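Below is one structure, written out as structure tokens, with a few remarks after it.
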Amino acid sequence: MTRTRTRLLAAAVALVGIGSAVVFTNFASAAETTAAGDQVVTATIAVSGVFDGAGQRFIGGGDLGDGGQDEGQDALFDLAAGATLKNVVIGSPAADGVHCAGSCTLSNVKWEDVGEDAATFRGTGATILIDGGSAASADDKVFQDNRGAGGSVTIRNFAVSDFGKLYRSCGNCSTQAARTATLENITATAPGNTLAGINTNLGDKVTLNGVTLIGDDISLCDRFEGNDTGAEPTKIGEGPDGTSCIATGVTGP
């Protein structure tokens with residue numbers, strides 16, 4: 015077993031596999047794995063700068079390993095504003111996946127079995143980029159957008175299967191804002207509910223361009239009436255409306 019620590023948070027990592035090594039630095043590359051293998055993560059790994067997983071699989075253990083769907087769970091990775099997580103496989107159990115405190119980049123991250131959420135976004139004026147990767151087996155949401163005003167979310171070159179919602183702008187956060195999202199070059203395989211859930215009364219807007227649907231009954235977007243009271247938001251419409259939900263280049267059933 016190799017025990018590693020980040021500069022921001024002690025992350026207990028139990029190594030499973032053969033001949034694996036992890037190297038952490040305190041420079042622009044905050045952490046870099048140098049050999050393949052599975053790692054069991056028992057405390058959240060804090061990342062500033064760039065964490066390159068080199069294709070390793072990270073699995074929740076200890077307090078992160080119950081595999082439940084409860085809200086408010088800790089993440090496997092907690093990204094500071096401006097951080098990048100790349101070339102990582104997140105296995106099962108996945109706890110609450112990835113948290114971004116502000117702007118962040120998730121590049122070629124694969125969720126094999128989404129836990130509570132794959133990733134959650136926060137921060138005012140935060141710009142989020144998900145480029146490449148995939149997610150499967152999400153009982154509810156893949157990407158949860160809790161950001162304040164400003165910024166945007168872009169999800170591109172991404173594959174999703176067996177999911178509830180690929181993207182959801184928070185429908186009942188205590189602080190709400192108009193949120194903008196773009197989904198490009200997405201392949202969605204049924205079963206799936208909807209690619210994007212947005213709050214039209216709050217000024218949300220989602221643009222979908224280049225979507226391939228495989229299988230039936232996947233909605234491009236669901237439109238909700240959001241609130242800041244914590245109540246379950248009401249669904250008020252489905253499908254592109256040319257204003258809050260715009261879709262081009264869609265193929266499939």
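Heads up: the sequence shown begins at 15 in my numbering, then just goes up one per residue.
C-beta: ideal position from N, C-alpha, C; glycine also.
Quick caveat, the model's predicted, so the values are computed rather than measured.
| Asked | Found |
| --- | --- |
| GLU246 to SER175 span [Cα, whole Å] | 25 Å |
| Candidates CYS114, TRP125, ALA95: closest to GLY74 by CA position | TRP125 |
| With 16 other Cβ atoms within 10 Å as the buried cut-off, status of ALA44 | Low confidence applies to ALA44: its pLDDT is 30, below 50, so where it sits in the model is not reliable, and the reading given next is rough at best. Flag for ALA44 reads buried. |
| For SER183, the nearest candidate out of ALA202, ILE200, ASP154 (CA to CA) | ASP154 |
| Cβ separation of PHE135 and ASP110, assumed to be a contact under 8 Å, to the nearest whole Å | Going by Cβ atoms, the distance from PHE135 to ASP110 rounds to 12 Å, so no, they are not a contact pair. |
| Presumed contact (8 Å Cβ cut-off) between GLY162 and THR138, rounded CB distance | 4 Å |
| CB of GLY206 within 9 Å of CB of GLY185, strictly | no |
| First and last residue of the uninterrupted beta strand (DSSP E) at ASN241 | Segment: none, ASN241 is in no beta strand (DSSP E) and carries neither H nor E. |
| Cut-off 6 Å between Cβ atoms - residues of its own chain near THR98, not counting five sequence neighbours on either side | VAL64, THR119 |
| Continuous beta strand (DSSP E) stretch holding LEU180: start and end | 166 to 183 |
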